[in-house]
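All you need for our numbering is the position in the sequence shown, starting with 1, plus 1072.
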Amino acid sequence: MRAADRRGFTLIELIAGLSIAGLALLGGILLLDQIGDESIRIATARVHTMRAANGARMLRRLILDALPSADTTQGLEGTARAASFRTLCDTPGGWMAPCRVRLLLDQRGDSSLISADRAAGSPLRLLTIEGAAEFRFVDPYQDTLWMTRWSSSLGLPSAMAVVATRDTIVFPLGVMHE
């Protein structure tokens, strides 16, 4: 028989073809696995970003909606680590209702966490700030005087600030009701 009459593949050609196909399949599987891992990473980053943005927005709104009170037991009480006051909170029905909220500042190693403790529900994590932080309050009659303690008998301060190692965030109080 002559070599020109042969039809089909040799064993070496068949093994080479299967090896190339196997490598292509392995590359495809690795690519799909990488895409899946990346989508999980993106979804996790999205959740963390949304949580941080919504927490900062809620903190700002709680402070902006602070309600003044003629009753000294219902006014704003504040220290460098906590502030308690009446404000407007979301209800399950979708509207806003007066409620009492307590903002707590918790030192956690190299950062500080601000959380809101409401009468109903568990505390909400609102904002994480780099470094040590504390609350300060602005006397409405002396705009340059920042106090670390505030008594409800003084009424509402003009503003409340979170003073941190690298940054200061100032929130005007009760702006929505003046």
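Backbone N, C-alpha and C fix where the C-beta goes; we use that ideal spot for every residue, glycine too. Every value quoted in this text rests on a predicted model; they were computed, and no experiment measured them.
DSSP places residue 1162 within a strand segment (E or B) once states are collapsed to three.
Its Cα nearest to that of residue 1199, the residue 1185 stands out among 1185, 1207, 1209.
Comparing alpha-carbon positions, the option among 1239, 1089, 1241, 1232 lying closest to residue 1151 turns out to be 1232. Where residue 1183 is concerned, the enclosing beta strand (DSSP E) starts and stops at 1183 to 1190. Distance between residue 1137 and residue 1183, taken at the CA atoms: about 27 Å. Here the C-alpha atom of residue 1100 lies approximately 11 Å from the C-alpha atom of residue 1107. Under the rule that a run must span 4 or more residues, no alpha helix (DSSP H) segment is found entirely inside the stretch 1210 to 1239.
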